[in-house]
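Residue 301, in full-length UniProt numbering, is where the sequence shown stops; the numbers in between run on with no holes. The beta-carbon is built from N, C-alpha and C at its ideal position, and this holds for glycine as well. Let me begin by presenting the structure, written as structure tokens, before commenting on it.
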Amino acid sequence: MENQKGILLESGTNELEIVEFEVANNKFGINVIKVKEIIQPIPVTFIPHAHPHVEGIIQLRGEVLPVVDMLKVLGIPTENRNSQQKYIVAEFNKQRVVFHVDNVTQIHRISWDQIEKPSDMYQGGTSQVIGVIKHNSEMILLLDFEKIMVDINPESSISVEAVKKLGKRERTEKKVIIAEDSPLLRKLLYDTMIEAGYVNTEFFENGRDAYDYLEALVKADKEIEKYVQLVVTDIEMPQMDGHHLTKKIKSHPDLQKLPVIIFSSLITDDLRHKGEKVGAEDQISKPEITELILRMDKLIL
1 MENQKGILLE SGTNELEIVE FEVANNKFGI NVIKVKEIIQ PIPVTFIPHA HPHVEGIIQL
61 RGEVLPVVDM LKVLGIPTEN RNSQQKYIVA EFNKQRVVFH VDNVTQIHRI SWDQIEKPSD
121 MYQGGTSQVI GVIKHNSEMI LLLDFEKIMV DINPESSISV EAVKKLGKRE RTEKKVIIAE
181 DSPLLRKLLY DTMIEAGYVN TEFFENGRDA YDYLEALVKA DKEIEKYVQL VVTDIEMPQM
241 DGHHLTKKIK SHPDLQKLPV IIFSSLITDD LRHKGEKVGA EDQISKPEIT ELILRMDKLI
301 L
């Protein structure tokens, strides 16, 4: 997997590479950027009173990591486990975790516009699926690993209480656009923006919808700064990702003056150059919501 990092995509191409894996003969995907390595299972140390989805902990090169059983996460009976087992060692939201899956099969390069948003009819309010990839005659489900970890450890999510510590704030005159595909995180961001005084905030489920909105504004009036003062975007989103959204904003003659902050679980020292290359003013790792608010203040007040 480390070798795979050498061919990672250029910034802003609206493409991604996914690691395809199987759980009980069902196919799922995880962004290769999140994957540090794939290993054979090693003995797990049981932890009393751990979350039901956590098998226990392992020691990997001196680091203690939790092991999450994807059969339990997905609600599949554990007797359906097959003989080919793999551990996916992942890193995001400034944490490392091991996902126990049945098999890891291959890597695909795809465009975000090939990923369909799950229908509300079959997704439900608690689904971990954020996208459906039609590949040849099969479907690969792209999972919301951030939500999986928040369900296990709610403390790892965005905290409204942290923003309350900033005190009384008034930002009514500032309009902020936020692109975030996760319904859970949109709700948390809405609550924290209200608490931070940014009550004039509009949310979009993906970068394409956000860009179409901004483009419509400049077609009506080229002075975009009268209507929007800041864009905050996630990276992983169906249709158009945050890097591509930022690149399009920064290459548009009437939008390029808009400051953009990338707020994502994928902000690491190894990947920060991608956001810099597309012209983002700042990059904040989830769930550092207080830091996001302070950077917003600095850019638009």
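What span of residues does the beta strand (DSSP E) with residue 105 cover, start to end? Walking along the sequence shown from the start, residue 105 turns up at place 105. Residues 103 to 111.
Distance, residue 227 Cα to residue 259 Cα: Here residue 259 corresponds to residue number 259 of the sequence shown, with the count starting at 1. Here residue 227 corresponds to residue number 227 of the sequence shown, with the count starting at 1. Cα-Cα distance, rounded: 13 Å.
Output the distance between the C-alpha atoms of residue 291 and residue 83, rounded to the nearest integer angstrom. For the purposes of this step, residue 291 is identified with residue 291 of the sequence shown, where counting begins at 1. For the purposes of this step, residue 83 is identified with residue 83 of the sequence shown, where counting begins at 1. Rounded to whole angstroms, residue 291 and residue 83 show a C-alpha spacing of 45 Å.
On a Cα-Cα basis, can you pick out the residue from 64, 53, 89 that is closest to residue 37? As a first step, residue 37 is located in the sequence shown; it is residue number 37 there, counting from the start. Residue 37 has its Cα closest to that of 89, out of 64, 53, 89.
Within 10 Å of its beta-carbon, does residue 61 have 16 or more other beta-carbons around it, so buried, or fewer, so exposed? As a first step, residue 61 must be located in the sequence shown, where it is residue number 61. Classification for residue 61: exposed.
Suppose you measure from the CA of residue 22 to the CA of residue 242; what does that come to, to the nearest Å? Mapped onto the sequence shown, residue 22 falls at position 22. Mapped onto the sequence shown, residue 242 falls at position 242. The alpha-carbon of residue 22 is positioned some 27 Å away from that of residue 242.
For residue 68, which option in 183, 214, 101 has the closest C-alpha, if you only look at C-alpha atoms? The sequence position of residue 68 within the sequence shown is 68, counting from 1. Selected option, being the one with the closest Cα: 101.
Identify, in the order they occur along the chain, each residue of the same chain with its Cβ nearer than 6 Å to the Cβ of residue 34, setting aside the five sequence neighbours on each side. Residue numbering aside, residue 34 sits at position 34 when the sequence shown is read from its first letter. Excluding residues within five positions, the ones whose Cβ falls inside 6 Å are 90, 92.
Limits of the unbroken beta strand (DSSP E) element including residue 319: The structure shown does not extend to residue 319, since the chain is modelled only from 1 through 301, so no value can be given for it.
Anyone know if the C-beta pair for residue 151 and residue 49 falls short of 9 Å? Position 151 of the sequence shown, counted from the first residue, corresponds to residue 151. Position 49 of the sequence shown, counted from the first residue, corresponds to residue 49. No; because the gap between Cβ atoms is not below 9 Å, this pair is not in contact.
Check whether the Cβ atoms of residue 261 and residue 230 lie closer than 9 Å to each other. Here residue 261 refers to the residue found at position 261 of the sequence shown. Here residue 230 refers to the residue found at position 230 of the sequence shown. Cβ atoms of residue 261 and residue 230: closer than 9 Å.
Among residues of its own chain, excluding the 5 on either side of residue 277, which ones have a beta-carbon nearer than 6 Å to its beta-carbon? Residue 277 sits at position 277 when you count from the first residue of the sequence shown. Excluding positions up to five away in sequence, the list reads 11.
Among 65, 63, 81, 64, which has the Cα closest to the Cα of residue 71? Counted from its first residue, the sequence shown places residue 71 at position 71. If we check each option's Cα against that of residue 71, 81 comes out closest.
Round the Cβ separation of residue 144 and residue 240 to the nearest angstrom and send it over; I've been treating them as touching at under 8 Å. One-based indexing of the sequence shown puts residue 144 at position 144. One-based indexing of the sequence shown puts residue 240 at position 240. For a cut-off of 8 Å, the C-beta gap from residue 144 to residue 240 is around 18 Å, too long to register as a contact.
Of the residues 108, 65, 31, which one's Cα is nearest the Cα of residue 44? By one-based count along the sequence shown, residue 44 stands at place 44. Among 108, 65, 31, the Cα nearest to that of residue 44 is on 65.
Compute the Euclidean distance between the alpha carbons of residue 213 and residue 195, then round it to the nearest angstrom. In the sequence shown, the residue the question calls residue 213 occupies position 213. In the sequence shown, the residue the question calls residue 195 occupies position 195. Taking the straight line joining both Cα atoms gives about 25 Å.
Quick check on residue 106: buried or exposed, where buried means 16 or more other Cβ atoms within 10 Å of its Cβ? Within the sequence shown, residue 106 is the residue found at index 106, counting from 1. Classification for residue 106: exposed.
For the UniProt domain "CheW-like" (15 to 154), list the beta strand (DSSP E) runs that are entirely contained and at least 3 residues long, ordered along the chain. 15 to 23, 26 to 31, 35 to 39, 54 to 60, 63 to 69, 86 to 92, 95 to 101, 103 to 111, 129 to 135, 138 to 143
Extent of the continuous alpha helix (DSSP H) to which residue 194 belongs: As a first step, residue 194 must be located in the sequence shown, where it is residue number 194. First-last of the alpha helix (DSSP H) with residue 194: 183 to 195.
In angstroms with no decimal places, state the Cα-to-Cα distance between residue 191 and residue 158. Counted from its first residue, the sequence shown places residue 191 at position 191. Counted from its first residue, the sequence shown places residue 158 at position 158. Approximately 10 Å, taken between the alpha carbons.
Identify whether residue 262 lies in helix, strand or coil by the three-state DSSP scheme. On the sequence shown, residue 262 is found 262 positions in, with the first residue counted as 1. Residue 262 falls in the strand class under three-state DSSP.
Is it buried or exposed, residue 77, if we count other Cβ atoms within 10 angstroms and call 16 or more buried? Reading the sequence shown from its first residue, position 77 is the one you call residue 77. Result: exposed.
Give the list of continuous alpha helix (DSSP H) stretches no shorter than 4 residues that lie fully inside the region 189 to 245. Runs of alpha helix (DSSP H) with 4 or more residues, each lying fully within the region 189 to 245, are found at 207 to 220, listed in chain order.
Checking the sheet assignment: what are the DSSP bridge partners for residue 179? As a working mapping, residue 179 is identified with position 179 in the sequence shown. Paired residue(s): 204, 233.
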